[in-house]
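Before any comments, here is the structure.
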Amino acid sequence: MAVGLVLCWGYGGILSLGQGVFFGVGGYCMAMFLKLEASDPVSTKIQTTPGIPDFMDWNQITELPLLWQPFHSLTFTLIAVVAVPVLFAFIVGMALFKRRVGDVYFSIVTQAIALILTVLIVGQQGLTGGVNGITDLKTLLGWDLREDSAKFILYCVNAGLLFGCIFIGRFILSSKLGRLLMAMRDKEERVRFSGYDVASFKIFVFCVAAAFSAIGGAMFALQVGFMSPSFVGIVPSIEMVIFAAVGGRMSLIGAVCGALLVNFGKTYFSEAFPDLWLFLMGGLFIVVVMYFPNGLAGLWDSHGRQWLAKVLRRTPVVAVQAPKTPAKTEAKILETQP
Numbered sequence: 451m452a453v454g455l456v457l458c459w460g461y462g463g464i465l466s467l468g469q470g471v472f473f474g475v476g477g478y479c480m481a482m483f484l485k486l487e488a489s490d491p492v493s494t495k496i497q498t499t500p501g502i503p504d505f506m507d508w509n510q511i512t513e514l515p516l517l518w519q520p521f522h523s524l525t526f527t528l529i530a531v532v533a534v535p536v537l538f539a540f541i542v543g544m545a546l547f548k549r550r551v552g553d554v555y556f557s558i559v560t561q562a563i564a565l566i567l568t569v570l571i572v573g574q575q576g577l578t579g580g581v582n583g584i585t586d587l588k589t590l591l592g593w594d595l596r597e598d599s600a601k602f603i604l605y606c607v608n609a610g611l612l613f614g615c616i617f618i619g620r621f622i623l624s625s626k627l628g629r630l631l632m633a634m635r636d637k638e639e640r641v642r643f644s645g646y647d648v649a650s651f652k653i654f655v656f657c658v659a660a661a662f663s664a665i666g667g668a669m670f671a672l673q674v675g676f677m678s679p680s681f682v683g684i685v686p687s688i689e690m691v692i693f694a695a696v697g698g699r700m701s702l703i704g705a706v707c708g709a710l711l712v713n714f715g716k717t718y719f720s721e722a723f724p725d726l727w728l729f730l731m732g733g734l735f736i737v738v739v740m741y742f743p744n745g746l747a748g749l750w751d752s753h754g755r756q757w758l759a760k761v762l763r764r765t766p767v768v769a770v771q772a773p774k775t776p777a778k779t780e781a782k783i784l785e786t787q788p
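This note's numbering puts the first residue of the sequence shown at 451, with every later residue one more than the last.
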């Protein structure tokens, strides 16, 4: 998620406050497949209508909705995890960037989309599980996701996907597109007058960021075993922006470090000070934007490298030579010899 925001916000100048939408859509696609696997007729034989998710049975739905039926297939699910959020990002990008909606207005619109989607998910309780979301996701193709071996393999898959996203990000930034993104961020009108279709480039990088967030959402659903509207709304979207801001919105590796640091602080402070965590997070964002605009990566470039160079710098070793015997002393020694 943070890597996608580095491309979108740091280099493209597109501050999206709705990345939680794509994270949630990807997570819900994976959760739908896992829930259908857990809702086989044998496991749900005590329900009024066996073979459908439990929350549908509670809402007196007697047949699996058409929207859910393709998610019996893992292949379709893996495609939908990426394709659905990217298609949605493409539609939003076409609607906004082609009309030259940018800067703060784009941020407000994406934030509104996150809020609207949250309300829709909560309202469609029979289709999405409502406030509780889709829960009790324990197996993947009969493989118990709660086992330690499964957690280790998922961790390795997560790491591989992360490195893949970083590689794609570096490839984009090292190409002509990366230079165009920075030019659009600084002088958009000049790039447009040069004959480039600025809107198309913005749509592309916005879709790439959406795909990265969706992959993160799918892996999140696999690891935690549930998906709820609380991961779709405004708060998680702002958290993702803070990941990139703290780590450095111009650094792919810095964004990853920022995500790890903020999540560590969230785990600790949300337990110790549950009522203050949101204020602490907001204060952290303000401090970083005002005093450390380049985040941890900027601090490393300006101070960390110099400090490391001083630590690694070695004093030159001077060879110690034996003292020379004066000429007069040597003459006396020769005279005393028989």
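Beta carbons are placed, not taken as given, at the ideal position from N, Cα and C, and that holds for glycine. Note that this is a predicted model, so its numbers are computed, not measured.
I'd like to check one pair, residue j with residue i: are the Cβ atoms closer than 7 Å?
| i | j | result |
| --- | --- | --- |
| N509 | G576 | yes |
| I854 | G543 | No statement about residue 854 is possible, as the shown extent of the chain runs from 451 to 788 and does not include it. |
| L457 | V655 | yes |
| L587 | G675 | yes |
| I529 | L514 | no |
| F483 | F521 | yes |
| A660 | P743 | no |
| G468 | I566 | no |
| L590 | Q673 | no |
| I616 | L702 | yes |
| S466 | T568 | no |
| V532 | A664 | yes |
| F719 | W727 | yes |
| C657 | F540 | yes |
Between the Cα of residue i and the Cα atoms of the options, which residue gives the shortest distance?
| i | options | result |
| --- | --- | --- |
| G667 | C479, I464, L465 | C479 |
| V648 | Q574, P520, R550 | R550 |
| W518 | V737, S489, L455, F676 | S489 |
| V453 | F602, L627, R620, F643 | R620 |
| L627 | C606, S650, G614, S701 | S650 |
| Q574 | Y605, F505, E639 | F505 |
| T585 | F729, E689, F670, T498 | F670 |
| K485 | S523, I571, L455 | S523 |
| V581 | D725, L710, S678 | S678 |
| D553 | E487, F526, K637 | K637 |
| F662 | P686, I618, E639 | I618 |
| W593 | E487, T499, K548, T525 | E487 |
With burial defined as no fewer than 16 other Cβ atoms inside 10 Å of the residue's Cβ, what is the status of residue i: buried or exposed?
| i | result |
| --- | --- |
| G708 | buried |
| S625 | exposed |
| M451 | buried |
| L795 | Residue numbering for the chain in the displayed model covers 451 to 788; residue 795 lies beyond these limits and cannot be assessed. |
| I688 | buried |
| V641 | buried |
| V712 | buried |
| V738 | buried |
| A545 | exposed |
| A481 | buried |
| G645 | exposed |
| F723 | exposed |
| M740 | exposed |
| G579 | buried |
| T527 | buried |
| F693 | buried |
| F643 | exposed |
| F729 | exposed |
| F602 | exposed |
So that I know if they touch, is there some Cβ in chain B lying closer than 7 Å to that of residue i?
| i | result |
| --- | --- |
| M690 | The structure shown contains no chain B, having only a single protein chain. |
Looking at C-beta atoms only, is the number of pairs between the region 467-476 and the region 674-692 that lie closer than 8 Å three or more?
With a cut-off of 8 Å on Cβ pairs, the region 467-476 is in contact with the region 674-692, counting three or more such pairs.
For the region 737-748 against the region 691-701, do three or more pairs of beta-carbon atoms, one drawn from each stretch, fall closer than 8 Å, so that the two count as touching?
Contact between the region 737-748 and the region 691-701 is present: 3 or more CB-CB pairs across the two stretches fall below 8 Å.
Do the region 625-639 and the region 460-471 touch if we need at least three Cβ pairs shorter than 8 Å?
The region 625-639 vs the region 460-471: in contact.
Please go through the region 472-531 and give each complete beta strand (DSSP E) segment of 3 or more residues, from N-terminal end onward.
none
Is it a yes or a no for the region 593-603 touching the region 492-501, going by three-plus beta-carbon pairs under 8 Å?
Using a Cβ-Cβ distance cut-off of 8 Å, the region 593-603 and the region 492-501 are not in contact, since fewer than three pairs of beta carbons, one from each stretch, lie closer than that value.
The region 498-517 in contact with the region 606-618 per 3-pair CB rule at 8 Å
no
Alpha helix (DSSP H) segments (min. 4 residues) lying fully within the region 621-656
Qualifying alpha helix (DSSP H) stretches, in chain order: 626-636, 638-643.
Going residue by residue through the region 651-727, where are the continuous alpha helix (DSSP H) segments of at least 4 residues, counting only ones entirely within it?
684-697, 702-722
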